[in-house]
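For the record, the sequence lines run as chains A and B. Our numbering applies: residue 5 is where the first sequence begins, and numbers increase by one. Our numbering applies: residue 181 is where the second sequence begins, and numbers increase by one. Glycine is no exception: its CB is placed at the ideal position from the N, C-alpha and C atoms.
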Amino acid sequence: MLIKKPADIPSSEITPQSAYVSRRKFMVTAAVALGAAAVACNKAAEMASPQKAEAAAAKLQFTRNSALSTSEKPNSLKEISTYNNFYEYGTDKSDPAENAWKLRTRPWTVSIEGEVKKPKTYDIDQLTKLAPLEERIYRHRCVEGWSMVMPWLGYSLSNFIKQCEPTSKAKYVQFVTLQDPEQMPGQKTGVLDWPYVEGLRMDEAMHPLALLCFGLYGEVLPNQNGAPVRMILPWKYGFKSGKSIVKFRFVEKQPPTTWNISAPSEYGFYSNVNPAVDHPRWSQKTERRIGEFRRRDTLMFNGYAGQVASLYSGMDLRANY
Amino acid sequence: MAFNLRWRWSKVVVFLLCLLPALELALRAWNQSRGVEPDLGVNPLEHITRATGDWTLRFLLITLAITPLRKLLQRPALIHFRRMAGLFAFFYGSLHFTTYLWFDKAFAWSEILPDVAKRRFIAVGFTAFVLMLPLAITSTGGWIRRLGGKRWQWLHRLVYFSALAGVIHYWWLVKSDIRKPAIYAGILAALLVYRMVVWVLPSQQHHAGARKLATAETVE
Numbered sequence: 005m006l007i008k009k010p011a012d013i014p015s016s017e018i019t020p021q022s023a024y025v026s027r028r029k030f031m032v033t034a035a036v037a038l039g040a041a042a043v044a045c046n047k048a049a050e051m052a053s054p055q056k057a058e059a060a061a062a063k064l065q066f067t068r069n070s071a072l073s074t075s076e077k078p079n080s081l082k083e084i085s086t087y088n089n090f091y092e093y094g095t096d097k098s099d100p101a102e103n104a105w106k107l108r109t110r111p112w113t114v115s116i117e118g119e120v121k122k123p124k125t126y127d128i129d130q131l132t133k134l135a136p137l138e139e140r141i142y143r144h145r146c147v148e149g150w151s152m153v154m155p156w157l158g159y160s161l162s163n164f165i166k167q168c169e170p171t172s173k174a175k176y177v178q179f180v181t182l183q184d185p186e187q188m189p190g191q192k193t194g195v196l197d198w199p200y201v202e203g204l205r206m207d208e209a210m211h212p213l214a215l216l217c218f219g220l221y222g223e224v225l226p227n228q229n230g231a232p233v234r235m236i237l238p239w240k241y242g243f244k245s246g247k248s249i250v251k252f253r254f255v256e257k258q259p260p261t262t263w264n265i266s267a268p269s270e271y272g273f274y275s276n277v278n279p280a281v282d283h284p285r286w287s288q289k290t291e292r293r294i295g296e297f298r299r300r301d302t303l304m305f306n307g308y309a310g311q312v313a314s315l316y317s318g319m320d321l322r323a324n325y
Numbered sequence: 181m182a183f184n185l186r187w188r189w190s191k192v193v194v195f196l197l198c199l200l201p202a203l204e205l206a207l208r209a210w211n212q213s214r215g216v217e218p219d220l221g222v223n224p225l226e227h228i229t230r231a232t233g234d235w236t237l238r239f240l241l242i243t244l245a246i247t248p249l250r251k252l253l254q255r256p257a258l259i260h261f262r263r264m265a266g267l268f269a270f271f272y273g274s275l276h277f278t279t280y281l282w283f284d285k286a287f288a289w290s291e292i293l294p295d296v297a298k299r300r301f302i303a304v305g306f307t308a309f310v311l312m313l314p315l316a317i318t319s320t321g322g323w324i325r326r327l328g329g330k331r332w333q334w335l336h337r338l339v340y341f342s343a344l345a346g347v348i349h350y351w352w353l354v355k356s357d358i359r360k361p362a363i364y365a366g367i368l369a370a371l372l373v374y375r376m377v378v379w380v381l382p383s384q385q386h387h388a389g390a391r392k393l394a395t396a397e398t399v400e
């Protein structure tokens, strides 16, 4: 059985505790210093030019969560923000960077619906401050066979879910992307069913690796990467990580998901990274890390088997692809 | 004499135009190595694969469009460019195929062979390329004479199957956005329908004329 494989993270990737503790201390000190500097700069900048104030405000305060981070070298901001799939802006990977300026990320609210004690709505700024932001350097594996390493900012989705107070009937959580063809011109085409919906089983959603993400490289998310708030699920193919989320819906039955609606035989509900289960049309055994020439082997659960394999024990991952 | 000279020059111009997409890729690759834009982007291999694949299909369709265009525009002399367009389709197809074999798979046959066998989009793309091989080889005047015009013409009808396989290859590889492959498929369908109409409505004159012009290239 595949999921019994040992942890796929080579020991060389695990940062010694002493190193990350001292690094954390440094980060905290640096963050505090930066924060103070940012406040001072902010005030000065606000008076000087509104544009600069905006840029300064784009910086986020965070600490690095080394325990949940890979020590692999992150891809550059240029790579991450100019090459990605976000069909709301077009189907070419250069389209999001080109068209996402149309998105207005303020005002922005995120509503909670379904099997919860009380439905409510969060303002994005309120949501960002719900828990301390952490930087987590995650591997990202696209179902198409390419991968990157990205430094995201956010907190575990579980922090948020606890605040939502789901009832015992809530077995799944679905996340819904904004639907507004004026801001997201790709939605004027029928390439996918809009709005984009994705979802998780409750235990997956509560897993500490599941990140509610607000930033990248120390700043708020670029529009094209799913601003102002998105999911990051590093052990699943990229398309599971819904972007520009406006709604969380807690439900009893497994919710529909967009790519599964589009091609049920190719994209399942779980869509865990799995080199042993090929996409019907191409192999998932290897991947091309952006910036590298040779393909590299794809790891079970994208290298997070040690953390997440137990979620799927006893499940046939070939049937539940 | 003056006629020949004019065609020779226009052939040089068209040849250079057909080479532009390859030159553009070379320039982008050169820029990439110097860190200057426009380059091949974040995934250079994908960029090259797509560009060469696109141009293979485009040149196949251009090749197939020449006969109908000669009739519709009443420019029979367009035949002078058909062989060149076909050979450029083969040229870009070879680049596309080499990119896959060499840069993508690094000649790892243990990966490539199962890929061709298991992945229908790769199998059909491979077929499209293999079908072009005999056409490229027999594209010379010598081969037309050796095979005889009629047999040569029959052999070169393989180009329809190559183009069909090429379009299917593209259709089968896209994730959900079939708009671009659909454009290629639409143009190919129009070009094939044209031929069927010509074939179903035979007119002796029409056929005789076509043969005469088809061989014009040889005796040029």
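Taking a beta-carbon distance threshold of 8 Å, A:R292 counts as an interface residue toward chain B. A:F164: member of the alpha helix (DSSP H) spanning L161 to C168, first to last residue.
Around the beta carbon of A:P136, fewer than 16 other beta carbons sit within 10 angstroms, so the residue counts as exposed. Contact residues of the stretch 301-313 of chain B toward chain A are F301 and I302 (C-beta to C-beta distance below 9 Å). Fully contained in the stretch 268-309 of chain B are the following alpha helix (DSSP H) runs of length 4 or more, in chain order: 289-298.
According to the DSSP assignment, A:M304 belongs to no alpha helix (DSSP H), since it is labelled neither H nor E. The beta-carbon of B:A286 is placed less than 8 Å from the nearest beta-carbon of chain A. Rounded to the nearest whole angstrom, the C-alpha separation of A:V180 and B:I302 is 35 Å. Going by C-alpha positions, A:F218 is about 56 Å away from B:F261.
Interface with chain A (8 Å Cβ-Cβ cutoff): B:G346 is excluded. Taking 8 Å as the upper bound for CB-CB distance, A:R285 and A:S151 are not in contact here, some 19 Å apart. Here B:I367 carries a helix assignment [DSSP, helix/strand/coil]. At a cut-off of 8 Å between C-beta atoms, A:R285 counts as an interface residue with respect to chain B. Counting the other Cβ atoms within 10 Å of the Cβ of B:V193 gives fewer than 16, which makes it exposed. For the 8 Å CB-CB criterion, A:E256 and A:K133 do not form a contact. For A:K251, there is no enclosing alpha helix (DSSP H); the enclosing beta strand (DSSP E) has its first and last residue at I249 to V255. The beta-carbon distance between A:V277 and A:F305, rounded to whole angstroms, is 6 Å. This is short enough to meet the 8 Å contact definition.
Within its own chain, the residues whose Cβ lies closer than 6 Å to the Cβ of A:E202, once the five positions on either side in sequence are excluded, are F179, K244, G246 and T261, listed in chain order. The stretch 225-240 of chain A makes contact with the stretch 70-89 of chain A, as at least three CB pairs between them are under 8 Å. Scanning its chain for C-beta atoms nearer than 7 Å, with the 5 sequence neighbours on each side dropped, one finds around A:Q187 the residues K106, L107 and R108, in chain order.
Taking CB atoms only, B:L225 has a neighbour in chain A less than 8 Å away. Listed along chain A are T86, Y87 and S98, each with a C-beta nearer than 8 Å to that of B:G221.
Residues W263 and N264 of the same chain have their beta carbon placed closer than 6 Å to that of A:Y271, with the five preceding and five following residues left out of the count. For B:W352, the chain A residues whose Cβ falls inside 8 Å of its Cβ are R285, in order along the chain. Chain-order list of chain A residues neighbouring B:D295: S287, by C-beta distance under 8 Å.
Inter-segment contact for the stretch 200-216 of chain B and the stretch 226-245 of chain B is present: three or more beta-carbon pairs are separated by less than 8 Å. Annotation: the continuous alpha helix (DSSP H) that includes A:I128 extends over I128 to T132. Within the model, the alpha-carbon separation for B:T318 versus B:R337 is close to 12 Å. Out of A:P189, A:Q311 and A:Y241, the CA that lies nearest to the CA of A:D99 is found in A:P189. A:S151 is bridged by DSSP to A:R145 and A:R293. A Cβ of chain A is located within less than 8 Å of the beta carbon of B:R299. Shortest Cα-Cα distance from A:C168 to any of A:Y126, A:E208 and A:I141 involves A:Y126. In the assembly as shown, A:I165 is a buried residue. Its beta-carbon has 16 or more other beta-carbons within 10 Å. Contact between the stretch 109-120 of chain A and the stretch 206-214 of chain A is not established, with fewer than three Cβ pairs separated by less than 8 Å. When the Cα atoms are used, A:T95 and B:D357 turn out to be separated by approximately 7 Å.
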